[in-house]
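Per the working numbering, the sequence shown starts with residue 12, numbered consecutively.
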Amino acid sequence: AHAVMRSVLKAARTAALSPPIIELIGIVAASGFILYAQRIIARREMTPGEFFVFLFFLFSLYDPVRKLSRIQNAMQHALAACQRVFALLDTHTELVDRPHAIALTSFREKIEFRNVSFRYPDAEEYVLRDVNLTIRAGEMVAIVGMSGVGKTTLVKLLPRFYDVTEGAIFIDGVDIRDIRLDSLRHLIALVTQEVILFNDTVRHNIAYGRPHATPEEIERAARAALAHDFIQELPARYETVIGERGIRLSGGERQRIAIARAILKDAPILILDEATSALDAESEHGVQQALLNLMAGRTVIVIAHRLSTVRRADRIVVLDGGTIVEEGTHAELLRRGGLYSRLYERQFAPQMSEVLSE
Numbered sequence: 012a013h014a015v016m017r018s019v020l021k022a023a024r025t026a027a028l029s030p031p032i033i034e035l036i037g038i039v040a041a042s043g044f045i046l047y048a049q050r051i052i053a054r055r056e057m058t059p060g061e062f063f064v065f066l067f068f069l070f071s072l073y074d075p076v077r078k079l080s081r082i083q084n085a086m087q088h089a090l091a092a093c094q095r096v097f098a099l100l101d102t103h104t105e106l107v108d109r110p111h112a113i114a115l116t117s118f119r120e121k122i123e124f125r126n127v128s129f130r131y132p133d134a135e136e137y138v139l140r141d142v143n144l145t146i147r148a149g150e151m152v153a154i155v156g157m158s159g160v161g162k163t164t165l166v167k168l169l170p171r172f173y174d175v176t177e178g179a180i181f182i183d184g185v186d187i188r189d190i191r192l193d194s195l196r197h198l199i200a201l202v203t204q205e206v207i208l209f210n211d212t213v214r215h216n217i218a219y220g221r222p223h224a225t226p227e228e229i230e231r232a233a234r235a236a237l238a239h240d241f242i243q244e245l246p247a248r249y250e251t252v253i254g255e256r257g258i259r260l261s262g263g264e265r266q267r268i269a270i271a272r273a274i275l276k277d278a279p280i281l282i283l284d285e286a287t288s289a290l291d292a293e294s295e296h297g298v299q300q301a302l303l304n305l306m307a308g309r310t311v312i313v314i315a316h317r318l319s320t321v322r323r324a325d326r327i328v329v330l331d332g333g334t335i336v337e338e339g340t341h342a343e344l345l346r347r348g349g350l351y352s353r354l355y356e357r358q359f360a361p362q363m364s365e366v367l368s369e
């Protein structure tokens, strides 16, 4: 990282210094030649016509030299970018398939977190401690808690973005570390708060998880995610290039594209990490209905703050201090008067009018 920063700073210094240096050299060269020409013209060693021809030739060199300076600046920026790219390419992942890893082609029974503890590499503090959780196939589970208690970290362990520090996670009785990574991630569709889109067409972004999907399947997924209408208003509709990270779309539109991608992938396990945070109430209501239809025979794990999402879950898991402190339905947890009830009063109660109006 420091080497890349040094390269970027070097490129910035070069870009800042090159134009004034080139200008100064040009002025000094022209001034020197004019002074010298005065002397040799006075001695009749050069005619005024020859002087102006040479002066014209000198000024004609100025523009190519400036262009060379711009090319050098571009090369400096390219070299800095290349260093970053090659550093990423040279990075060795610590998550590799075990020699005996198997391909798991379906999910039928349950996901189990058994005594799972986790801390990030080089960190001393545990983010999760002794988490035990069973999620049955077809169940919708909401994970709630204050910011920073490990909700997102917990769901990131399932597709093995990180390996657990202690304990194990099982899918249908198989330790996920014994499942091939490509096979494991094929079973999971993930929609996070930070949407990852590519500088490509809407169609290709939706079909990222299923590159051979038909246009009809892509359109059905877009309709289910309430994305079809705004896509129809784009200049080239589904063939519109949306820019790096979807820069040409609004936040809500980007999230609906990501939701359409997850719907199209049709994975048996669906993880939604604040997936509807940028949607208005009307759009979110439609997406929730689509997701409820989608979850038949599938497992849905939701991290959300909106009451309209949490209250519909079959089960709510409350995290605090990196461990599960409460578990139950919305009504059960409210009756207990514990942490969930306090969170509800603090965060969710103001949304009651929105829910009652649905």
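A virtual CB, placed ideally from N, CA and C, is assigned to each residue, including glycine.
Neighbour-count burial assignment, residue i, 16 or more Cβ in a 10 Å radius
i	result
G254	exposed
M151	buried
G348	exposed
K78	exposed
R267	buried
E135	exposed
G308	exposed
D284	buried
L367	Bear in mind that a pLDDT of 40 at L367, under 50, signals an unreliable position, so the model cannot answer this.
G161	buried
Nearest residue (CA-CA) to residue i, options the options
i	options	result
G263	A238, E244, I33	A238
A148	R357, D325, G332	D325
D183	E120, L66, E56	E120
P75	G178, A278, E34, P222	E34
A224	K276, L281, V213	K276
R256	D211, P226, L354, T163	D211
Y249	E230, L99, L260, R259	E230
R272	G220, L281, R259, I122	G220
D108	I187, R353, R357	I187
S42	E56, T58, L66, G60	L66
Per DSSP, the bridge partner or partners of residue i
i	result
L139	F129
D186	F181
F62	Paired residue(s): none; F62 is not in a bridge.
R234	BP columns for R234 are empty, so no partner.
D284	I314
D331	T334
E120	Answer is none; E120 lacks a bridge partner.
H38	Per the sequence shown, residue 38 should be read as Ile rather than His. According to DSSP, which records beta bridges pairwise, I38 is partnered with nothing at all.
A224	BP columns for A224 are empty, so no partner.
Residue i to residue j span [Cα, whole Å]
i	j	result
A235	I274	8 Å
A114	F124	20 Å
Q87	R95	13 Å
V64	H215	59 Å
I52	P30	32 Å
Do the segment 161–179 and the segment 119–131 meet, that is, are 3 or more Cβ pairs less than 8 Å apart?
-> The segment 119–131 and the segment 161–179 touch, with three or more beta-carbon pairs separated by less than 8 Å.
Kindly confirm or deny that the segment 188–199 and the segment 242–251 touch, where touching means at least three C-beta pairs closer than 8 Å.
-> Contact check between the segment 188–199 and the segment 242–251: fewer than three CB pairs, one atom from each, fall below 8 Å, which does not count as touching.
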